[in-house]
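The letter at position 68 of the sequence shown is residue 852 when you use our numbering, and the numbering goes up by one with no holes.
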Amino acid sequence: AQTVELNAARAELPEGALSRAQDALRAAADARGGLPVALVWALAALGAAFAWGVVAYLYVGVVRPFMRLEAFAQDVASGNLDSPLAYERSNPFGRFTWAFDNMRVEIKRARAVEAEAVERGKTAVAALSHDIKTPIASIRAYSEALELGLART
């Protein structure tokens, strides 16, 4: 019977110690005055407002510019090189977005130069073709005239 009482006393010892420690902490908090409930709620509200502010800043400053950049890249990939990318110098990614818009301008310029080169090539081929056809046509006409006996020399 004594061992049962000892085991029960040992089992109650941690629970009793825990409740005594909690009571001591409550007494110390009451002695200090503790934090008023209103102050705790005000600090919680301030922390929540700060967290929302950080999230809003990250959305406006980071996420939204990348979403615009993604839409811009899709426009450029589809061949629309006429719509510029609006960028803000105050944005941390302002130079980055400027580089993408500069890339659009350079692609547009390169395509214009390429189109002009293709057009020059077509013009050169047409001119060479005309220049080659004229003497050949003249030679053919003289040879046909010789065959028909229209010309003796």
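Using N, Cα and C, we set each Cβ at its ideal position, and we do this for glycine too.
Pull up the distance between the alpha-carbon of residue 869 and that of residue 842, whole angstroms please.
Here residue 869 refers to the residue found at position 85 of the sequence shown. Here residue 842 refers to the residue found at position 58 of the sequence shown. Roughly 20 angstroms between the two C-alpha positions.
Which runs of the beta strand (DSSP E), 3 residues or longer, sit entirely within the region 808–870?
none
Does the beta-carbon distance from residue 853 to residue 881 come in below 8 angstroms?
By 1-based counting over the sequence shown, the position of residue 853 is 69. By 1-based counting over the sequence shown, the position of residue 881 is 97. Going by C-beta atoms, residue 853 is nearer than 8 angstroms to residue 881.
By Cβ distance, which residues of its chain are closer than 7 angstroms to residue 931, with the 5 residues on each side in sequence left out?
As a working note, residue 931 is residue 147 in the sequence shown. Cβ within range, chain order: n/a, list empty.
Taking residue 856 and residue 877 to be in contact with their CB atoms under 8 angstroms, please state how far apart those CB atoms are, rounded to whole angstroms.
The residue you call residue 856 lines up with position 72 of the sequence shown. The residue you call residue 877 lines up with position 93 of the sequence shown. Contact flag wrong, Cβ pair sits at about 12 angstroms.
What did DSSP end up calling residue 790 once you bin it into helix, strand or coil?
On the sequence shown, residue 790 is found 6 positions in, with the first residue counted as 1. Only weak support is given to the placement of residue 790: the predicted model assigns it a pLDDT of 45, under 50, and the value that follows is read from those uncertain coordinates. Residue state, collapsed to three classes: helix.
Span separating the alpha-carbon of residue 776 from that of residue 867
The displayed coordinates of the chain run from 785 to 937. Any statement about residue 776 would go beyond what the structure contains.
Among 892, 874 and 807, which one has its Cα closest to the Cα of residue 861?
Counting from 1 along the sequence shown, the entry for residue 861 is found at position 77. Of the candidates 892, 874 and 807, the one whose C-alpha sits nearest the C-alpha of residue 861 is 892.
Enclosing alpha helix (DSSP H) for residue 905 [first to last residue]
Taking the first residue of the sequence shown as position 1, residue 905 is located at position 121. Unbroken alpha helix (DSSP H) run through residue 905: 878–932.
Nearest-angstrom Cα separation, counted from residue 900 out to residue 840
Position 56 of the sequence shown, counted from the first residue, corresponds to residue 840. Position 116 of the sequence shown, counted from the first residue, corresponds to residue 900. Roughly 48 angstroms between the two C-alpha positions.
Supposed close pair residue 888, residue 865 - CB separation, criterion 8 angstroms
Counted from its first residue, the sequence shown places residue 888 at position 104. Counted from its first residue, the sequence shown places residue 865 at position 81. Indeed they touch by this definition, with Cβ atoms about 6 angstroms apart.
Alpha carbon to alpha carbon, how far is residue 924 from residue 933?
Position 140 of the sequence shown, counted from the first residue, corresponds to residue 924. Position 149 of the sequence shown, counted from the first residue, corresponds to residue 933. Going from the Cα of residue 924 to the Cα of residue 933 covers about 14 angstroms.
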